[in-house]
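Student: Let me give you the structure first, and then I'll get to my questions.
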Amino acid sequence: MKQKQLVAQAIVDATEGQLSLDEVMSKIEVPKTYDLGDYAFPTFILAKLYHKAPQQIAPELVEKISGDAFDKVQAVGPYVNFFIDKKAFSHNILNQILDQKEAFGQQDLGHGGNVPIDMSSPNIAKPMSMGHLRSTVIGNSLAELLKKANYNPIKINHLGDWGTQFGKLIEAYKLWGSEEEVRQDPINTLLKYYVHFHQVDEEHPELDDEARAWFKKLEDGDKEATELWQWFRDESLKFFKSIYAKLGIEFDSYNGESFYNDKMDEIVSILEDKNLLQESRGAEIVDLEKYGLNPALIKKTDGTTLYITRDLAAALYRFRTYDFVKSLYVVGNEQTNHFKQLKAVLKEMGYDWSDDIHHIQFGLITSGGKKLSTRKGNIILLEDVLNDAVDLAKKQIAEKNPDLPNKDQVAEEVGVGAVIFHDLKNDRLNNFDFNLEEVVRFEGETGPYVQYSHARAMSILRKAGQIDLENADIAGLQDEGSWEVVRQLANFPAMIKRAVEEYEPSVITKYAIQLSKSFNKYYAHTKVLTDDAEKNSRLAMVASVAAVLKESLRLLGVKAPDEM
RNA sequence: GCGCUUGUAGCUCAGCAGGAUAGAGCAACCGCCUCCUAAGCGGUAGGUCAUCGGUUCAAUUCCGAUCAAGCGCACCA
Numbered sequence: 017m018k019q020k021q022l023v024a025q026a027i028v029d030a031t032e033g034q035l036s037l038d039e040v041m042s043k044i045e046v047p048k049t050y051d052l053g054d055y056a057f058p059t060f061i062l063a064k065l066y067h068k069a070p071q072q073i074a075p076e077l078v079e080k081i082s083g084d085a086f087d088k089v090q091a092v093g094p095y096v097n098f099f100i101d102k103k104a105f106s107h108n109i110l111n112q113i114l115d116q117k118e119a120f121g122q123q124d125l126g127h128g129g130n131v132p133i134d135m136s137s138p139n140i141a142k143p144m145s146m147g148h149l150r151s152t153v154i155g156n157s158l159a160e161l162l163k164k165a166n167y168n169p170i171k172i173n174h175l176g177d178w179g180t181q182f183g184k185l186i187e188a189y190k191l192w193g194s195e196e197e198v199r200q201d202p203i204n205t206l207l208k209y210y211v212h213f214h215q216v217d218e219e220h221p222e223l224d225d226e227a228r229a230w231f232k233k234l235e236d237g238d239k240e241a242t243e244l245w246q247w248f249r250d251e252s253l254k255f256f257k258s259i260y261a262k263l264g265i266e267f268d269s270y271n272g273e274s275f276y277n278d279k280m281d282e283i284v285s286i287l288e289d290k291n292l293l294q295e296s297r298g299a300e301i302v303d304l305e306k307y308g309l310n311p312a313l314i315k316k317t318d319g320t321t322l323y324i325t326r327d328l329a330a331a332l333y334r335f336r337t338y339d340f341v342k343s344l345y346v347v348g349n350e351q352t353n354h355f356k357q358l359k360a361v362l363k364e365m366g367y368d369w370s371d372d373i374h375h376i377q378f379g380l381i382t383s384g385g386k387k388l389s390t391r392k393g394n395i396i397l398l399e400d401v402l403n404d405a406v407d408l409a410k411k412q413i414a415e416k417n418p419d420l421p422n423k424d425q426v427a428e429e430v431g432v433g434a435v436i437f438h439d440l441k442n443d444r445l446n447n448f449d450f451n452l453e454e455v456v457r458f459e460g461e462t463g464p465y466v467q468y469s470h471a472r473a474m475s476i477l478r479k480a481g482q483i484d485l486e487n488a489d490i491a492g493l494q495d496e497g498s499w500e501v502v503r504q505l506a507n508f509p510a511m512i513k514r515a516v517e518e519y520e521p522s523v524i525t526k527y528a529i530q531l532s533k534s535f536n537k538y539y540a541h542t543k544v545l546t547d548d549a550e551k552n553s554r555l556a557m558v559a560s561v562a563a564v565l566k567e568s569l570r571l572l573g574v575k576a577p578d579e580m
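Residue numbering for the first sequence follows the working numbering, beginning at 17 and increasing consecutively.
As structure tokens, then:
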């Protein structure tokens with residue numbers, strides 16, 4: 017960043033103030049290839065000003081720039097290319113990383129502001145599928161990134177523990193369930209009832225009425241309904257927590273939908289007070305015509321509540337409890353309309369903080385091109401995928417590094433890491449069709465590739481023995497291979513900023529791959545542990561790579577084993 | 001029908017808030033372990049950036065239309 021400003025200033029000086037620093041800064045770019053330098057300024061905008069061809073302007077600018085601050089300044093066609101002083105630059109950046117360690121890249125974007133993140137939110141009595149993984153893993157990474165940028169994230173697991181579905185589940189249990197069967201295998205058994213309910217329901221729609229009646233009882237506090245609900249919820253949560261443990265993810269709150277049960281009356285009365293509620297077809301709605309949205313259904317004909325009513329209560333509760341600067345919802349893009357409605361209703365209620373609510377949407381995972389559906393039994397169990405990945409990692413270790421200590425732990429870290437990394441690799445919004453082989457792939461642009469790069473770096477440092485790098489003379493490096501690595505390292509803080517601003521963990525995933533690539537390339541061509549004058553600088557670079565890779569992985573929620 | 005999202009190599013995707021010959025990974029083919037972990041490195045091959053228009057000195061990138069795909073469109077979440 018400082019370097020870029022230096023370049024911009026040089027251009028401003030050379031043009032004798034014809035362009036402002038900001039103008040120049042916005043035009044400066046990074047050339048695609050190494051031989052074109054580190055920064056480039058295209059002279060097209062000067063063509064009109066000078067009434068000359070850009071190709072002619074570029075060399076004239078070069079004449080006026082003093083080369084002291086740079087290795088080289090060169091005109092190539094219409095571009096002025098800058099080669100920065102590699103040795104001085106790498107000296108600075110390596111010392112900075114060695115000094116700051118894992119704090120490198122930390123910055124104050126958030127001033128400590130609270131940011132509740134609604135994430136994961138699986139439904140009680142249903143297994144977790146690959147769909148839940150996305151929300152969980154994206155939310156977790158955003159939390160780490162926000163923390164790094166000095167926000168205070170609050171991870172909220174907004175459990176789907178309320179709604180008509182429980183009426184269905186209770187009805188199904190009453191019809192076909194057995195207590196013993198549920199005790200033995202809670203989730204799968206409950207799921208079985210639920211799927212069965214929907215099958216039978218196709219031909220006997222009257223079951224829906226029964227289910228609605230049960231949910232009504234539940235909302236009214238009926239003893240039997242509440243006990244069953246509590247039981248299902250406890251069993252489910254036990255199971256979910258085992259998966260979160262595997263993923264290494266913890267939550268600050270498990271307040272799910274049921275938590276807002278007693279907080280909805282207030283919402284309804286506020287809506288009434290502000291004359292926002294209307295009756296329509298026997299239900300209570302808020303008209304959102306002026307937002308170009310469908311009306312928000314606040315209460316059903318039978319008086320029970322809906323998803324949005326609870327989300328309104330939750331939004332208000334979070335605002336009061338956390339006084340947030342932003343409130344995030346990591347939820348699939350099929351719910352885009354819901355969040356538009358939510359924000360619109362809050363706006364109508366006079367809460368201007370509704371602008372601070374952001375729906376962090378993500379693409380759909382399909383299987384065989386079809387949407388995953390718990391009801392239709394078309395699901396991919398997260399548990400299975402994680403287990404498959406860990407098994408595969410075990411096989412790889414047996415094959416490639418049979419003498420590795422704590423094999424099981426490493427297999428866990430690599431297998432689970434591969435799955436998480438894969439989910440965070442692409443743009444959030446992309447849909448993807450689930451393909452097990454791809455998810456548990458360990459070669460190419462994958463999590464294990466990054467972990468492996470880190471392990472290699474650690475291995476060199478181990479072999480280097482006890483060297484006090486912090487006090488050693490790190491003169492800097494200037495060869496082409498290390499330069500690629502160094503400029504990647506220097507990019508880390510900017511990447512964090514971008515990832516936070518765009519709520520996009522994939523920025524970090526891609527960055528980690530790029531850094532790994534340049535490091536592996538370097539590794540293949542340069543022997544680090546050669547005794548010469550630059551050895552300390554090389555080791556400093558290796559230590560920096562290890563630190564930044566480990567930190568990148570941490571921000572993604574992936575472990576970085578020292579050996580694998 | 002309306003709204004949102006997407007359309008780049010056989011497959012999966014990058015392309016940094018328009019710029020210099022469009023990049024990776026996988027799959028295919030060919031090389032590289034007497035040398036810090038070959039989960040690696042290098043090479044070959046593979047593209048009318050969906051189509052048509054517009055803005056601009058410059059468009060894969062911005063705008064519009066068309067076509068195609070996915071998701072959503074009140075008593076599920």
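The C-beta atom is built at its ideal place from N, Cα and C for all residues, glycine as well. Quick caveat, the model's predicted, so the values are computed rather than measured.
Please name the residue, chosen from 73, 485 and 449, that lies closest to residue 385 on a Cα-to-Cα basis.
Tutor: Minimum Cα distance to residue 385 is reached at 449.
Student: Kindly list the residues whose CB is nearer than 6 Å to the CB of residue 183, restricted to its own chain and excluding five residues on each side of it in sequence; keep chain order.
Tutor: Cβ neighbours of residue 183 beyond the five flanking positions: 227, 228, 230 and 231.
Student: For residue 86, which residues in the same chain have their Cβ closer than 7 Å to its Cβ, ignoring the five residues on either side in sequence?
Tutor: Here the set comprises 98, 99, 100 and 101.
Student: Per DSSP, residue 362 is paired with what?
Tutor: The partner list for residue 362 (beta bridge, DSSP) is empty, contrary to what the question assumes.
Student: Can you tell me whether DSSP reads residue 148 as helix, strand or coil?
Tutor: Three-state DSSP puts residue 148 in a helix.
Student: Taking 7 Å as the limit between beta carbons, can you name the residues of its chain near residue 94, skipping five residues before and five after?
Tutor: For residue 94, where only same-chain residues beyond five positions count, the Cβ hits under 7 Å are 58, 59, 60, 70, 71 and 74.
Student: Please report the distance separating the alpha-carbon of residue 156 from that of residue 246.
Tutor: If you take the alpha carbons of residue 156 and residue 246, they lie about 27 Å apart.
Student: Tell me where the beta strand (DSSP E) around residue 300 begins and ends.
Tutor: 299-302 is the extent of the beta strand (DSSP E) around residue 300.
Student: With 16 as the cutoff for other CB atoms within 10 Å, does residue 317 come out buried or exposed?
Tutor: Burial call: exposed.
Student: Can you give me the start and stop residues for the beta strand (DSSP E) that residue 291 sits inside?
Tutor: Unbroken run through residue 291: none, as it is neither H nor E.
Student: Terminal residues of the continuous alpha helix (DSSP H) containing residue 376?
Tutor: It is not in any alpha helix (DSSP H) - residue 376 instead sits in the beta strand (DSSP E) that spans 373-376.
Student: Taking its Cβ as the centre, do 16 or more other Cβ atoms sit within 10 Å of residue 1, making it buried, or is it exposed?
Tutor: Given a span of 17 to 580 for the chain in the structure shown, any question on residue 1 remains unanswerable.
Student: Could you give the C-beta distance for residue 573 and residue 436, rounded to a whole number, given that I count them as a contact under 8 Å?
Tutor: Yes, they are in contact, since the Cβ atoms of residue 573 and residue 436 sit about 6 Å apart, within 8 Å.
Student: From 56, 479, 515 and 80, pick the residue whose C-alpha is nearest to that of residue 96; which is it?
Tutor: Closest option to residue 96, Cα to Cα, is 56.
Student: So, helix, strand or coil for residue 580, using DSSP?
Tutor: Here residue 580 sits in coil by DSSP.
Student: Just mark residue 327 as buried or exposed, buried being the case when its beta carbon has 16 or more other beta carbons within 10 Å.
Tutor: It is buried - the Cβ of residue 327 has at least 16 other Cβ atoms within 10 Å.
Student: At what residues does the beta strand (DSSP E) containing residue 560 begin and finish?
Tutor: Premise fails: residue 560 lies in the alpha helix (DSSP H), 551-572, not in any beta strand (DSSP E).
Student: Whole angstroms are fine: how far does the CA of residue 553 sit from the CA of residue 486?
Tutor: Cα to Cα, the separation comes out at about 11 Å.
Student: Does the beta-carbon distance from residue 206 to residue 216 come in below 8 Å?
Tutor: No. Outside cutoff.
Student: According to DSSP, what are the bridge partners of residue 349?
Tutor: For residue 349, which the question treats as bridged, DSSP gives no partner whatsoever.
Student: Looking at the secondary structure, which residues open and close the alpha helix (DSSP H) in which residue 456 lies?
Tutor: It is not in any alpha helix (DSSP H) - residue 456 carries neither H nor E in the DSSP assignment.
Student: Classify residue 549: buried if its beta carbon has 16 or more other beta carbons within 10 angstroms, exposed otherwise.
Tutor: Looking at its Cβ environment, which holds fewer than 16 other Cβ atoms inside 10 Å, residue 549 is exposed.
Student: Measuring alpha carbon to alpha carbon, tell me which residue in 180, 234 and 511 is nearest residue 224.
Tutor: The candidate whose alpha carbon is nearest that of residue 224 is 180.
Student: Which value, in whole angstroms, describes the spacing of the CA atoms of residue 444 and residue 68?
Tutor: Their Cα atoms are separated by approximately 45 Å.
Student: When DSSP labels each residue in this structure, what does residue 507 get in the three-state scheme?
Tutor: In this structure, residue 507 counts as helix in the three-state DSSP scheme.
Student: Per DSSP, residue 427 is paired with what?
Tutor: In DSSP, residue 427 forms no bridge with anything.
Student: Going by the DSSP bridge assignment, what does residue 135 pair with across the sheet?
Tutor: For residue 135, which the question treats as bridged, DSSP gives the partners 173.
Student: Based on Cα-Cα distance, which residue from 312, 112, 80 and 462 lies nearest to residue 432?
Tutor: Minimum Cα distance to residue 432 is reached at 462.
Student: Which residues in the same chain as residue 458 place their Cβ atom closer than 8 Å to its Cβ, once the five residues preceding and following it in sequence are excluded?
Tutor: Cβ neighbours of residue 458 beyond the five flanking positions: 408, 409, 412, 430, 434, 464 and 465.
Student: Find out if the Cβ-Cβ distance for the pair residue 440, residue 559 is shorter than 8 Å.
Tutor: It is not a contact, given that the beta carbons lie outside the stated cut-off.
Student: How should residue 362 be labelled, buried or exposed, when 16 other C-beta atoms within 10 angstroms of its C-beta is the threshold for buried?
Tutor: Residue 362 is buried by the Cβ-count criterion.
Student: List the residues that DSSP assigns as beta-bridge partners of residue 312.
Tutor: DSSP lists 302 as partners of residue 312.
Student: Who are the near neighbours of residue 159 in its chain, counting only those whose CB is closer than 7 Å to its CB and skipping five residues on each side?
Tutor: The residues are 133, 169 and 171.
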